[in-house]
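Structure first, then comments.
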Amino acid sequence: RNHEAYLKTNHTFHVFIQELTGNRVLNDVINGLRQKILLYRQRQLYQPERFDQSIQEHRNLLGAFRTRDPESAESLMKHHLLMQRKALVSLYTNEEGEEAGKAAP
Numbered sequence: 442r443n444h445e446a447y448l449k450t451n452h453t454f455h456v457f458i459q460e461l462t463g464n465r466v467l468n469d470v471i472n473g474l475r476q477k478i479l480l481y482r483q484r485q486l487y488q489p490e491r492f493d494q495s496i497q498e499h500r501n502l503l504g505a506f507r508t509r510d511p512e513s514a515e516s517l518m519k520h521h522l523l524m525q526r527k528a529l530v531s532l533y534t535n536e537e538g539e540e541a542g543k544a545a546p
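Start counting the sequence shown at 442; every next residue gets the next number (our numbering).
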């Protein structure tokens with residue numbers, strides 16, 4: 442697995458989708474959030490199941506774009522965001538627990 446290549450491709454993929462919206466305010470919000478969670482996004486890709494899931498989710502989204510199926514694309518995007526959120530929360534929660542364990546006497 443080439444995580445560096447994936448991160449670059451992933452960034453390009455998400456920027457492409459953002460630009461399709463034509464919504465500058467939304468893009469600014471997303472870019473701000475992306476910078477804040479970048480480290481966690483990179484770390485969560487080292488969870489083998491999430492790396493593979495993310496690739497499949499992107500493939501499914503591309504399929505919906507190719508077939509011009511907006512309902513499917515919307516549903517798939519919501520699912521992708523939910524799965525990403527779960528992965529990030531899990532990673533953050535695990536790291537917080539590890540830090541608390543280190544601080545305990």
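The beta carbon of each residue, even a glycine, is placed where N, CA and C say it ideally should be.
Rounded Cβ spacing between residue i and residue j (contact assumed at less than 8 Å)
i       : j       : result
Phe-454 : His-499 : 6 Å
Leu-486 : His-520 : About 18 Å; that fails the 8 Å criterion.
Leu-529 : Ile-478 : 6 Å
Met-524 : Gln-494 : 6 Å
Met-518 : Leu-503 : 12 Å between Cβ atoms; not a contact.
Residue interval of the alpha helix (DSSP H) (run including residue i)
i       : result
Asp-493 : 489-507
Arg-482 : 465-485
Asn-451 : 444-462
Buried or exposed (CB count within 10 angstroms, at least 16 for buried), residue i
i       : result
Arg-526 : exposed
Gln-483 : exposed
Ser-516 : exposed
Ile-532 : Checking the sequence, you will find Leu at residue 532 rather than Ile. When all chains shown are included, Leu-532 counts as buried.
Ala-514 : buried
Ala-544 : Confidence is the limiting factor: at Ala-544 the pLDDT is only 49, short of 50, which leaves the residue's position unreliable, though a coordinate-based value still follows. So Ala-544 ends up on the exposed side.
Arg-428 : Outside the shown range of the chain (442 to 546) lies residue 428, about which nothing can therefore be said.
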